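When we follow our numbering, the leftmost residue of the sequence shown carries the number 13, and every step to the right adds one.
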Amino acid sequence: MAKECFSNSAESQVPAAPPENPEREPVKIMVVGSRWAVLLIIHTLHRLGFAPAGEWSKLQVEPATRQWMSVLTKWLRR
Numbered sequence: 013m014a015k016e017c018f019s020n021s022a023e024s025q026v027p028a029a030p031p032e033n034p035e036r037e038p039v040k041i042m043v044v045g046s047r048w049a050v051l052l053i054i055h056t057l058h059r060l061g062f063a064p065a066g067e068w069s070k071l072q073v074e075p076a077t078r079q080w081m082s083v084l085t086k087w088l089r090r
């Protein structure tokens, strides 16, 4: 019974895979550093027209380094 509870909770945390689209490919960009540096990079890339600041994930602590991080997914056309 414990295995069933564990497996159900683990499955609910895994995001569903996006539908396959042969014309588009996702690329993830991760920025890791101090909180100030990560926000500076996000806002600089926004000003340069790379990506709106709101498209980045919320700031969170990167588990391996204990530094701040944010992730952006850009979709490329093939």
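Just so it is clear, CB atoms sit at the ideal spot from N, CA and C, and this is done for glycine as well. Quick caveat: nothing in here was measured; it's all calculated off a predicted structure.
If you draw a straight line from the alpha carbon of residue i to that of residue j, how long is it in whole angstroms?
i: K70; j: S82; result: 6 Å
i: Q72; j: M42; result: 11 Å
i: A49; j: P34; result: 35 Å
i: W80; j: L52; result: 12 Å
i: E74; j: E67; result: 18 Å
i: S46; j: A76; result: 14 Å
i: E32; j: V44; result: 29 Å
i: L63; j: L84; result: Here residue 63 is Ala; the residue named in the question, Leu, does not match the sequence. The alpha-carbon atoms of A63 and L84 are separated by roughly 8 Å.
According to DSSP, simplified to helix, strand and coil, what is residue i?
i: E67; result: helix
i: L52; result: helix
i: L57; result: helix
Per DSSP, what are the beta-bridge partners of residue i in this structure?
i: W80; result: G45 and V73
i: E37; result: L88
Looking only at its own chain, which residues have a Cβ that is under 6 Å from the Cβ of residue i, when we skip the five neighbours before and after it?
i: K86; result: V39
Residues in its own chain within less than 7 Å of residue i by CB, not counting five upstream and five downstream?
i: A3; result: Residue 3 lies beyond the stretch modelled for the chain, which goes from 13 to 90, so this question has no answer here.
Counting only the same chain and skipping the five closest in sequence on each side, list residues whose C-beta sits under 8 Å from that of residue i.
i: R90; result: P34, E35, R36 and E37
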